[in-house]
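If you number the sequence shown the way my numbering does, the last residue is 245 and the count never jumps.
Glycine residues also receive a C-beta, built at the ideal position from the N, C-alpha and C atoms.
In this text, all values refer to a predicted model and were calculated from it rather than measured experimentally.
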Amino acid sequence: MKKKAVAVVTAVALAGGIYAGSYLTKPNETVTPVQHEAKAVYVDKQAVINALSTKAQIVGLTGKVSKTITYKDNAWYGDKTYKLAATGTFKLGVDTSDIIITTHGNTVNVKFPQPKIISVDIPFDKAELSKDVSWTRKDISEAELQAMFGKARTGAVDDIKRNRQAFEKAGDSVERTIEALIESVEGVEDVEFER
Numbered sequence: 051m052k053k054k055a056v057a058v059v060t061a062v063a064l065a066g067g068i069y070a071g072s073y074l075t076k077p078n079e080t081v082t083p084v085q086h087e088a089k090a091v092y093v094d095k096q097a098v099i100n101a102l103s104t105k106a107q108i109v110g111l112t113g114k115v116s117k118t119i120t121y122k123d124n125a126w127y128g129d130k131t132y133k134l135a136a137t138g139t140f141k142l143g144v145d146t147s148d149i150i151i152t153t154h155g156n157t158v159n160v161k162f163p164q165p166k167i168i169s170v171d172i173p174f175d176k177a178e179l180s181k182d183v184s185w186t187r188k189d190i191s192e193a194e195l196q197a198m199f200g201k202a203r204t205g206a207v208d209d210i211k212r213n214r215q216a217f218e219k220a221g222d223s224v225e226r227t228i229e230a231l232i233e234s235v236e237g238v239e240d241v242e243f244e245r
């Protein structure tokens with residue numbers, strides 16, 4: 051008898067569940083899954099600094115430079131003229147230690163200085179010297195030649211410093227490089243620059 055009672059109770063419970071399920075749910079009703087709020091991901095300032103620290107300097111522009119210096123000495127007993135053409139390369143950029151980073155949520159604010167001359171390479175042995183010396187005049191000494199080269203190098207550096215367009219291009223390039231490095235950091239949604 052107990053077995054019959056358990057079977058009847060089970061059958062009634064099952065039938066009641068089927069009836070309630072079919073009566074309480076509407077046909078073609080879709081069940082909406084429960085959505086959990088995603089945890090906010092914020093940018094880790096140290097991760098951004100580490101991304102920038104992969105390079106000691108960011109070079110924004112590499113270019114060629116040349117400067118010609120002329121030395122003339124005219125005397126009644128003869129003339130001498132020298133032309134020294136010095137050529138080389140230069141790099142403009144910023145040191146990564148000069149870049150200031152702040153983070154606000156998923157936005158990274160970057161402040162970096164104007165690019166500066168990182169290097170100027172004008173080899174002395176690649177300088178070209180042309181001369182026109184009277185047979186009555188003595189040739190210039192090695193010290194005078196070195197002094198001419200020093201003036202040419204100084205003049206080339208001054209020309210680079212006056213080239214505002216080169217510094218603007220270098221600044222734009224540095225900005226793009228910094229942005230690419232920072233955007234690789236997890237959680238970064240926006241990079242804003244201040245110069």
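Measure the C-alpha to C-alpha separation of residue 230 and residue 140 and round it to an integer number of angstroms. 24 angstroms
Count Cβ pairs between the stretch 113-122 and the stretch 130-140 that sit closer than 8 angstroms; are there 3 or more? yes
For residue 244, which option in 104, 126, 151 and 109 has the closest C-alpha, if you only look at C-alpha atoms? 151
Taking only the alpha-carbon atoms, compute the straight-line gap between residue 191 and residue 164 and give it to the nearest angstrom. 41 angstroms
Counterpart residues of residue 150 in DSSP-defined beta bridges: 161
My assumption, with CB atoms under 8 angstroms, is that residue 224 sits in contact with residue 167. Please give the rounded CB distance. Rounded, the Cβ-Cβ distance is 13 angstroms, inconsistent with contact.
Inter-residue spacing [alpha-carbon to alpha-carbon] between residue 123 and residue 143: 41 angstroms
Would you call residue 203 buried or exposed, if buried means 16 or more other Cβ atoms sit within 10 Å of its Cβ? buried
Excluding the 5 residues flanking residue 161 on each side, which residues of the same chain have their C-beta closer than 6 angstroms to its C-beta? 150 and 244
So, do the stretch 127-137 and the stretch 88-108 have three or more beta carbon pairs nearer to each other than 8 angstroms? no
Nearest-angstrom Cα distance between residue 176 and residue 194? 17 angstroms
Measure the alpha-carbon distance for residue 217 versus residue 145 and round it to whole angstroms. 15 angstroms
So the beta strand (DSSP E) residue 115 belongs to, where does it begin and stop? 107-125
Excluding the 5 residues flanking residue 178 on each side, which residues of the same chain have their C-beta closer than 6 angstroms to its C-beta? 135
Excluding the five sequence neighbours on either side, which residues of its own chain have a C-beta within less than 7 angstroms of the C-beta of residue 199, listed in chain order? 134, 136, 174 and 177
Paired residues, beta bridge with residue 244 - DSSP: 161
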